[in-house]
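This report concerns only the one structure given below.
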Amino acid sequence: MSQGEIDTKTTYHRKLEVAWSPANGLQGFTFRTMQWNILAQGFVPLDEFVHCPSQLLCVNRRCSQIVDEVHRFDPDVFCLQEADIHDRILKSLNEEEDVYRAVFSPKAGSPCLGVPGNMGPDGVAIIYRSDRYSLTESTEISLDERGDRCALLCILRPKDATFASSVPSIFVISVHLKAKVKFSEVRLRQGKFLMDTLSKIFETYAANSFIPPLFICGDFNAEPDEPVINLMRTFSCSTSKMWTLKSAYGELNSGNEPEFTTWKIRDSKRIGHKECCHTIDYIWYTDRLAKLLNVWSIPTREEIGPLALPSKIFPSDHMNLVADFFLPHSTPESIQS
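Numbering (my numbering), first residue to last: 187 to 523.
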């Protein structure tokens with residue numbers, strides 16, 4: 187895994203921000219997750235980014251940059267949204283070492299399909315290292331009555347026998363909620379669908395001695411003060427007090443999310459001239475079952491520069507979020523101090 191700080195000519199400065207260190211003798215293992223809306227390749231031909239022409243966003247270049255970010259942070263699992271080149275990413279990742287596996291859920295009625303030269307529908311994906319974890323189960327979770335949009339749940343099992351004996355299952359979800367400010371109520375309904383379904387799934391574990399940790403990674407298209415984000419913060423499961431959620435980046439900063447996770451300047455007939463710089467991406471985790479160790483900082487506006495995202499050195503209009511968690515071998519109470 188990466189150590190210290192990353193500061194090269196081919197990427198942005200990312201600082202390791204430490205939240206907690208386990209006490210001497212506390213047994214457990216580290217789980218690293220990455221969240222990233224990678225920008226669908228199908229949107230690139232629209233050429234809407236004012237300062238980043240589509241020539242800089244060709245699929246081979248972007249795929250290489252995305253793979254570089256994966257190698258740089260070496261996550262155990264990473265969740266993608268607007269994924270339509272995940273197969274290419276997977277192929278590139280496995281050229282050196284055939285250990286990555288992917289699960290994909292396409293978006294029904296993907297807008298990418300309406301763009302000439304598209305690469306198929308975009309959707310949500312979860313990619314994990316199969317040398318560290320095996321896939322026990324994957325399922326789509328409907329976010330509305332019709333099932334037009336789904337979140338993706340993967341249940342992973344550590345391959346290390348010591349880890350698996352104490353944490354036999356880890357729940358990971360990739361989700362992408364409805365875009366645009368006016369759809370706040372839609373996002374709230376989608377969030378309720380997701381959490382109601384999870385509560386029902388959790389009920390099956392309530393009588394077990396083991397309660398699985400949960401990580402929800404996604405582009406919620408919602409700023410921190412929106413109702414759906416409050417829903418996530420206040421979620422609790424009636425069958426277990428252990429299922430409560432916190433935001434990794436918010437937890438490190440006393441409840442305050444980063445200034446932004448996406449920053450884009452676009453201009454087109456479709457949307458007009460519009461600059462967006464706000465926080466809409468999150469990593470949620472069950473704080474009573476996992477302890478946040480650290481996150482990698484989001485670059486400042488000054489570090490990115492006035493041209494915003496994407497750029498010649500970064501392939502998406504969203505930053506990737508990366509966080510490390512400690513999963514204890516002993517009882518969950520051991521990480522509450």
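Glycine residues also receive a C-beta, built at the ideal position from the N, C-alpha and C atoms.
Specify, as a first and last residue, the run of the beta strand (DSSP E) that residue i falls within.
{"i": "ILE484", "result": "Element bounds for ILE484: n/a, residue is neither H nor E."}
{"i": "MET505", "result": "Unbroken run through MET505: none, as it is neither H nor E."}
{"i": "CYS249", "result": "Unbroken run through CYS249 is the alpha helix (DSSP H), 245-259; no beta strand (DSSP E)."}
{"i": "HIS362", "result": "356-362"}
{"i": "ILE527", "result": "As displayed, the chain neither begins before 187 nor continues past 523, which places residue 527 out of reach and without an answer."}
{"i": "TYR314", "result": "309-315"}
Could you please give the first and the last residue of the uninterrupted alpha helix (DSSP H) stretch that includes residue i?
{"i": "ILE415", "result": "413-419"}
{"i": "ALA350", "result": "347-352"}
{"i": "GLY436", "result": "434-438"}
{"i": "ARG375", "result": "370-389"}
What residues match up with residue i in a beta bridge as DSSP calls it?
{"i": "ILE327", "result": "ALA337"}
{"i": "HIS464", "result": "THR448"}
{"i": "ARG343", "result": "SER320"}
{"i": "LEU400", "result": "PHE357"}
{"i": "THR430", "result": "SER422"}
{"i": "GLU203", "result": "VAL481"}
{"i": "TYR198", "result": "The partner list for TYR198 (beta bridge, DSSP) is empty, contrary to what the question assumes."}
{"i": "ASN223", "result": "GLN267"}
Which of the three DSSP states, helix, strand or coil, is assigned to residue i?
{"i": "PHE290", "result": "strand"}
{"i": "PRO208", "result": "coil"}
{"i": "ASP193", "result": "Note that ASP193 scores 46 on pLDDT, short of 50, meaning its location in the model is unreliable and no value can be drawn from it."}
{"i": "THR156", "result": "Not covered by the structure: residue 156. The range shown for the chain is 187 to 523."}
{"i": "PHE512", "result": "strand"}
{"i": "PHE406", "result": "coil"}
{"i": "CYS298", "result": "helix"}
{"i": "MET187", "result": "Caution is warranted here: a pLDDT of 48 is assigned to MET187, below 50, making its placement in the model unreliable, and no coordinate value can be reported."}
{"i": "GLY458", "result": "strand"}
{"i": "ILE469", "result": "strand"}
Could you tell me how far apart the beta carbons of residue i and residue j are, in whole angstroms, since I believe they sit closer than 8 Å?
{"i": "MET305", "j": "GLY228", "result": "6 Å"}
{"i": "TYR299", "j": "TYR286", "result": "Reading off the sequence, residue 299 comes out as Leu, not Tyr. Between TYR286 and LEU299 the Cβ distance is about 26 Å, and since that is not below 8 Å, they are no contact."}
{"i": "GLN342", "j": "LEU329", "result": "Strictly speaking, residue 342 in this sequence is Leu, with Gln absent from that position. Not quite, the Cβ-Cβ distance comes to about 22 Å (not below 8 Å), so this is no contact."}
{"i": "HIS199", "j": "LEU493", "result": "Rounded, the Cβ-Cβ distance is 16 Å, inconsistent with contact."}
{"i": "PRO485", "j": "ARG248", "result": "With a Cβ gap of about 18 Å, PRO485 and ARG248 do not count as contacting."}
{"i": "ARG373", "j": "ASN407", "result": "6 Å"}
{"i": "TRP470", "j": "ILE402", "result": "4 Å"}
{"i": "TRP222", "j": "LEU479", "result": "Wrong, their Cβ atoms sit about 19 Å apart, outside the cutoff."}
{"i": "LEU243", "j": "ILE327", "result": "With 8 Å as the limit, LEU243 and ILE327 do not qualify as a contact, their Cβ atoms being about 31 Å apart."}
{"i": "THR430", "j": "THR472", "result": "7 Å"}
According to the neighbour-count rule (16 or more other Cβ atoms, all chains shown, within 10 Å of its Cβ), is residue i buried or exposed?
{"i": "PHE290", "result": "buried"}
{"i": "VAL414", "result": "buried"}
{"i": "SER422", "result": "exposed"}
{"i": "VAL204", "result": "exposed"}
{"i": "GLU445", "result": "exposed"}
{"i": "GLU255", "result": "buried"}
{"i": "ALA476", "result": "buried"}
{"i": "ARG452", "result": "buried"}
{"i": "HIS257", "result": "exposed"}
{"i": "PRO399", "result": "buried"}
{"i": "ASP193", "result": "In this predicted model, ASP193 has a pLDDT of only 46, less than 50, meaning its place in the structure is not dependable; the value taken from the coordinates is given anyway. The residue is exposed, with fewer than 16 neighbouring Cβ atoms inside 10 Å."}
{"i": "LYS386", "result": "exposed"}
Check whether the Cβ of residue i lies closer than 8 Å to any heavy atom of the ligand SAH, and answer yes or no.
{"i": "LEU431", "result": "Ligands in the displayed structure: none, and consequently the ligand SAH is not present."}
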